[in-house]
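Below: the structure, in structure tokens.
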Amino acid sequence: MSKSEKKVTSKDEDKKKSDEKAIGDAIIAAANARREELAKEALATRSNKTLPKEIKEKPKEEKPKESKPKEEKPKAAPPSKTDTEEVSLPEFEKSFVDKISSQFTGDVEVGYIKENRTRVNVKKEKILEVAQFIKDNLPFDHAESVTGVDFPEDKEIGVVYHLGSYTDPTYSKQVLALATRVPREENPNPGNDSTKLPSLRDMFYSVEFHEREIFEMLGVYFDSHPDNRRLLLPEDWADLPPLRKDFRNKGR
Amino acid sequence: MLKELVTPQNANVFVGKLGDILYKAVDQPLGMAINWGRMWSLWPVHIETACCSVEFGAASSPRYDVERFGIIEAFGSLRQCDLVVVQGTITRKMAPRLRLVYDQMPEPKYVIAMGACAITGGLYFDSYNVLPGIDGILPVDVYVPGCPPRPETLIQGCMLLQEKIKRMKAR
Amino acid sequence: MAEQVIPTKKMPPGLQVENVDDRIMTLNVGPQHPGSGHMRIIVKIDGDYIVDADPDPGYVHRGEEKMAESRNYITNIPHLERPVIHDSCNILYPYVLGVEDLVGIEVPERAKYVRVIAAELNRCIYIQYWLAIYGIFLGHSTMFMWPAGDRELLIDLMEKITGARVTHAYFIPGGVRNDVPANFEDVCLRQVNYFEKRIKEYADIFYDNPILKARTEDTGVLSREDAIRLGTTGSVLRASGVDYDLRIKEPYDVYDELDVHTNVLKSGDSYARSKIPWLDMLESCNIIRQALEKMPKSGSIRTKLKPNPKGREDEVYRRVESGRGSAGCHIISRGKPEPYRLKLSVSSFRNLIALPYLLKGEKLGNMPAVYWSLNYWPVEADR
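These protein sequence lines are chains A, B and C, in that order.
Mind the numbering: the first sequence is residues 4 to 255 in our numbering, read in order.
Mind the numbering: the second sequence is residues 52 to 222 in our numbering, read in order.
Mind the numbering: the third sequence is residues 2 to 384 in our numbering, read in order.
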């Protein structure tokens with residue numbers, strides 16, 4: 004008797020449970036929907052942080068409007084400077100930059116020529132040739148630093164090699180910035196996407212650790228670099244490369 | 052008389068009682084002696100985690116000379132140490148190593164959090180790679196504030212720890 | 002591990018990684034190790050000889066460069082000096098010079114001299130700490146006690162000027178934060194003279210010590226060509242016979258008005274690398290005395306900045322000679338109060354590349370001598 008009763012009660016309980024489940028699911032679904040709404044509202048007001056990618060795009064759409072006109076200025080400015088202030092340009096610096104630009108007309112653009120500081124912008128396909136040319140024909144013998152800069156508006160990542168000279172005393176003041184740009188991907192997959200650059204390690208040995216740092220900090224993979232491993236970040240780092248502009252520090 | 056009292060049935064109870072009496076008689080003075088020994092022979096682990104190690108080094112320089120308080124001679128083996136002075140920022144890469152070091156030390160062990168970074172994250176509150184204080188990974192005994200703390204402050208922190216050990220129940 | 006051997010360095014026969022694979026033992030030195038500091042060196046040893054070394058920095062990587070992008074040019078100052086708190090003036094120097102370029106302000110003459118004096122004092126403080134640790138790494142306890150004690154003299158002096166023991170935050174764009182105390186010249190001269198007398202005694206117990214010589218001479222030899230090729234800097238470079246000091250080659254502030262000499266040694270071993278910083282300290286004492294003489298006795302020490310200064314749209318790369326070598330700062334500005342990108346090109350990071358190269362073929366016991374002779378401060382390298 005008791006067994007059958009139990010069975011009956013259990014059936015009733017099952018029914019009740021299923022009803023409760025249905026009700027519970029509905030409540031959870033409603034709560035989830037509400038949560039999403041709230042999250043979207045919060046996102047619209049706050050600047051985005053580590054959030055799903057659908058919503059991330061909103062602030063990005065706003066950004067270019069502000070930054071695009073600004074971005075045009077530095078591009079336009081250096082040539083105008085060279086045109087107008089050609090008389091006041093430092094001659095020594097101009098002489099060796101002209102060597103590079105005359106060798107690679109069309110592929111090389113002079114960024115700026117200031118006292119002791121010069122900059123040469125190179126297309127990424129030509130970076131190896133230009134570096135080899137500088138190594139062979141100019142007394143720059145080591146790389147001081149390698150800076151990676153993220154330009155989300157241009158969908159590019161800039162890499163700047165600062166080259167210096169120890170051997171030639173006349174060049175000891177000079178720092179030549181050899182800059183190039185690589186395409187930037189919205190969802191980076193370091194090592195497997197188009198953000199790749201040939202390594203300058205064969206020409207300037209000292210870039211080895213700098214390039215490893217750029218790889219982990221910005222996700223630029225260097226072909227022919229012997230070990231593109233992590234250098235500074237923890238081994239379990241699974242977020243975006245931290246120096247990209249869409250990676251935000253907490254509270255910023 | 053004792054033979055009548057102690058029968059095979061109640062021998063265990065009797066021995067237990069005797070142990071209690073002995074424990075009560077010896078616990079207080081022995082505990083104090085043990086604590087006294089622990090107090091004056093604190094051996095910190097040699098683990099440097101960030102820039103506060105400069106002031107940690109300066110604390111054992113001839114001017115401050117913490118060794119006169121029986122504290123710092125940071126060249127011991129891990130298995131003999133009983134103090135971790137967390138010298139500043141704990142990054143995400145260092146945190147598992149710090150816990151590993153702490154787990155390998157024998158009991159009893161004490162922790163001093165030195166510097167603002169070890170207490171709350173300090174200057175690096177918004178950094179992506181820094182823990183907001185070490186409370187999440189280690190049980191801290193004494194907090195020594197400052198960025199970095201002066202050696203005097205560190206010495207005071209160590210003396211506070213000694214005071215704490217003095218009042219602790221010896222295990 | 003990929004092939005990293007530079008062809009110019011000849012390895013002793015039988016020490017190549019491929020040939021002796023079954024005898025290789027891998028050791029982790031650090032991060033908890035009295036001979037490592039805040040980093041880990043993964044060494045592969047064959048018997049007592051290191052066949053491969055792989056430095057693993059990053060235990061103090063705190064994201065300074067990322068944090069700098071969300072702080073303005075003034076609030077950046079205190080946290081940019083944190084990588085090297087005992088050389089805080091010199092690590093701030095390139096940043097401050099760069100911001101002055103971007104904002105476009107002139108620094109008063111007196112402030113330039115005060116800066117040079119503070120930077121040289123801080124260089125001595127840094128080198129003294131480095132020397133103390135080098136002494137204790139080699140088991141020379143007296144060499145820990147002497148520099149650590151003499152260092153406090155100069156720390157007192159800096160405390161009088163800036164108000165803080167090690168983290169001064171003294172240099173700001175436009176000058177220095179506050180003026181030197183009233184009778185600073187006399188006190189400074191007296192302290193520096195005494196300090197110079199003290200450090201000359203180090204030669205007797207440390208640099209002429211036969212045990213030190215036996216341990217450091219001919220260990221970790223870096224040839225001139227390789228020092229240039231590896232892009233090393235500072236004392237490592239000058240110990241290998243390259244005469245390159247930014248205070249002379251690219252003088253900033255008033256270094257061109259002072260008589261600065263560099264010290265160059267040719268041998269390129271650990272002994273030379275450990276001796277160059279000590280010679281630098283003696284040179285610093287000379288520079289401080291000259292600067293005290295030439296310093297204008299009164300005048301402004303700071304050009305007032307507007308609140309929340311904005312840099313023009315440009316980029317600058319400034320570098321100075323810090324206690325460890327060239328410290329560079331690359332600032333990209335977009336006309337906002339915050340830098341768009343700030344890169345610290347620090348000398349420790351540049352010298353780190355020489356470590357695996359120097360350790361190959363050395364005995365394991367020589368590792369601390371070679372490692373710390375690179376004038377390496379892990380917190381700075383990790384940033």
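Every residue gets a Cβ at the ideal spot worked out from N, C-alpha and C, and that includes glycine.
Quick caveat: nothing in here was measured; it's all calculated off a predicted structure.
Cut-off 8 Å between Cβ atoms - residues of its own chain near residue i, not counting five sequence neighbours on either side
i                 : result
Pro77 of chain A  : Only weak support exists for where Pro77 of chain A lies, its pLDDT of 40 falling under 50; the coordinates are left without a value.
Asn184 of chain C : none
Glu64 of chain A  : Note that Glu64 of chain A scores 40 on pLDDT, short of 50, meaning its location in the model is unreliable; the coordinates nonetheless yield the value given after this. Taken in chain order, the list of residues that qualify is empty.
Val123 of chain A : Val100, Ile103, Ser104, Val111, Glu112, Val113, Gly114, Val133, Leu179, Ala180, Leu181, Ala182
Test: residue i CB closer than 8 Å to a CB of chain B
i                 : result
Asn35 of chain A  : no
His39 of chain C  : yes
Gly151 of chain A : no
Ile86 of chain C  : yes
Ala149 of chain C : yes
Residues of its chain near residue i, where Cβ-Cβ distance is below 7 Å and the 5 sequence neighbours each way are ignored
i                 : result
Asn35 of chain A  : none
Arg335 of chain C : Glu314, Tyr341
Ile229 of chain C : Val243
Val29 of chain C  : According to the sequence displayed, residue 29 of chain C carries Asn and not Val. Here the set comprises Arg41, Ile43.
Glu197 of chain C : Leu283, Cys286
Cβ distance (whole Å) where residue i is taken to contact residue j below 8 Å
i                 : j                 : result
Leu166 of chain A : Phe136 of chain A : At roughly 12 Å, the Cβ-Cβ gap does not stay under 8 Å, so Leu166 of chain A and Phe136 of chain A are not in contact.
Pro113 of chain B : Asp133 of chain B : At roughly 25 Å, the Cβ-Cβ gap does not stay under 8 Å, so Pro113 of chain B and Asp133 of chain B are not in contact.
Ile163 of chain B : Val137 of chain B : 7 Å
Ile289 of chain C : Cys189 of chain C : 7 Å
Pro202 of chain B : Glu99 of chain B  : Not confirmed; about 16 Å, so no contact.
Leu158 of chain C : Gln192 of chain C : 5 Å
CB contact below 8 Å: residue i versus chain A
i                 : result
Met210 of chain B : no
Lys220 of chain B : no
Arg143 of chain B : yes
Ile75 of chain C  : no
Phe172 of chain C : no
Asp383 of chain C : yes
Gly329 of chain C : yes
Ile354 of chain C : yes
Arg313 of chain C : no
Phe207 of chain C : no
Tyr96 of chain C  : no
Minimum Cβ-Cβ distance from residue i to chain C less than 8 Å
i                 : result
Glu99 of chain B  : yes
Lys217 of chain B : no
Pro245 of chain A : yes
Gln202 of chain A : For clarity, residue 202 of chain A is Ser in the given sequence; the question names Gln instead. No, no contact with chain C.
Cys132 of chain B : no
Ala164 of chain B : no
Ser112 of chain B : yes
Gly67 of chain B  : no
Leu205 of chain B : no
Contact test: residue i Cβ vs the ligand HEM heavy atom, cutoff 7 Å
i                : result
Asn35 of chain A : Among the ligands in the structure shown, none appear at all, so the ligand HEM cannot be discussed.
Other residues of its chain near residue i: CB distance less than 6 Å, five sequence neighbours each side excluded
i                 : result
Val57 of chain B  : Phe65
Arg239 of chain C : Val265, Ile277
Asn367 of chain C : Thr220
Ser327 of chain C : Thr234, Leu247, Arg320, Ser348
Cys103 of chain B : Gln138, Gly139, Met165, Gly166, Pro199
Val117 of chain B : Ala110, Ser111, Ile123, Ile206
Ser388 of chain C : In the structure as shown, chain C starts at 2 and stops at 384, and residue 388 of chain C therefore has no counterpart that could be examined.
**Study point:** Chain-ordered residues of the segment 148-159 of chain B with a beta carbon less than 7 Å from chain C
**Key:** Listed by position, the residues of the segment 148-159 of chain B near chain C (Cβ gap below 7 Å) are Arg148, Val152.
Check your understanding: Relative to chain A, which residues along the segment 239-250 of chain C have a C-beta separation below 8 Å, given in chain order?
Key -> For the segment 239-250 of chain C, which is checked against every Cβ of chain A, the residues closer than 8 Å are Val243, Tyr245, Lys250.
Review point. Mind listing which residues of the segment 167-187 of chain B have their C-beta closer than 7 Å to chain C's C-betas, in chain order?
Key: So the close ones are Leu174, Tyr175, Asp177, Ser178, Tyr179, Asn180, Val181.
Point to revise | Interface residues of the segment 176-199 of chain C facing chain A [CB-CB below 8 Å] | key: Those residues of the segment 176-199 of chain C that come within reach of chain A (Cβ to Cβ, closer than 8 Å) do not exist; the list is empty.
Check your understanding: In chain order, which beta strand (DSSP E) runs of at least 3 residues are fully inside the segment 309-366 of chain C?
Key -> For the segment 309-366 of chain C, whole beta strand (DSSP E) runs of length 3 or above, ordered along the chain, are 316-322, 327-333, 342-346.
Practice item. Jot down the residue ranges of each uninterrupted beta strand (DSSP E) in the segment 153-201 of chain B, minimum 3 residues, whole runs only, in chain order. Key: Runs found: 161-165, 193-195.
Check your understanding: Considering only residues of the segment 213-244 of chain A, which uninterrupted alpha helix (DSSP H) runs meet the minimum length of 4 residues and lie entirely inside it, listed in chain order?
Key -> Within the segment 213-244 of chain A, no run of alpha helix (DSSP H) reaches 4 residues while sitting entirely inside it.
Review point. When Cβ atoms are compared, which residues of the segment 154-170 of chain C fall closer than 9 Å to chain A?
Key: Within the segment 154-170 of chain C, no residue qualifies.
Exercise for review: Any chance you could list the beta strand (DSSP E) runs of at least 3 consecutive residues sitting entirely within the segment 157-220 of chain A, in chain order?
Suggested key: For the segment 157-220 of chain A, whole beta strand (DSSP E) runs of length 3 or above, ordered along the chain, are 159-167, 178-186, 199-201.
Review point. Relative to chain A, which residues along the segment 55-70 of chain C have a C-beta separation below 7 Å, given in chain order?
Key: Cβ contacts with chain A come from Pro58, Gly59, His62, Gly64, Glu66, Lys67, Met68.
Check your understanding: Which ranges would you report for the alpha helix (DSSP H) in the segment 193-222 of chain C if only whole runs of at least 4 residues count?
Key -> The qualifying runs are 211-217.
Practice item. Quick one: which residues of the segment 331-345 of chain C get their C-beta closer than 8 Å to a C-beta of chain A? List them in chain order. Key: The residues in question are His331, Ile333, Arg335, Gly336, Tyr341, Arg342, Lys344.
**Study point:** Near-chain B residues of the segment 120-144 of chain C - C-beta to any C-beta below 9 Å
**Key:** Of all residues in the segment 120-144 of chain C, Tyr130, Ala133, Ile134, Ile137 have a Cβ within less than 9 Å of some Cβ in chain B.
Exercise for review: Anything in the segment 219-245 of chain A with a Cβ closer than 9 Å to a Cβ of chain B? List those residues in chain order, please.
Suggested key: Those residues of the segment 219-245 of chain A that come within reach of chain B (Cβ to Cβ, closer than 9 Å) are Leu235, Leu236, Pro237, Glu238, Asp239, Trp240, Asp242, Pro245.
Check your understanding: Between the segment 167-179 of chain A and chain C, which residues of the former have CB atoms less than 7 Å from a CB of the latter, in chain order?
Key -> Those would be Tyr169, Thr170, Ser175, Lys176, Val178, in chain order.
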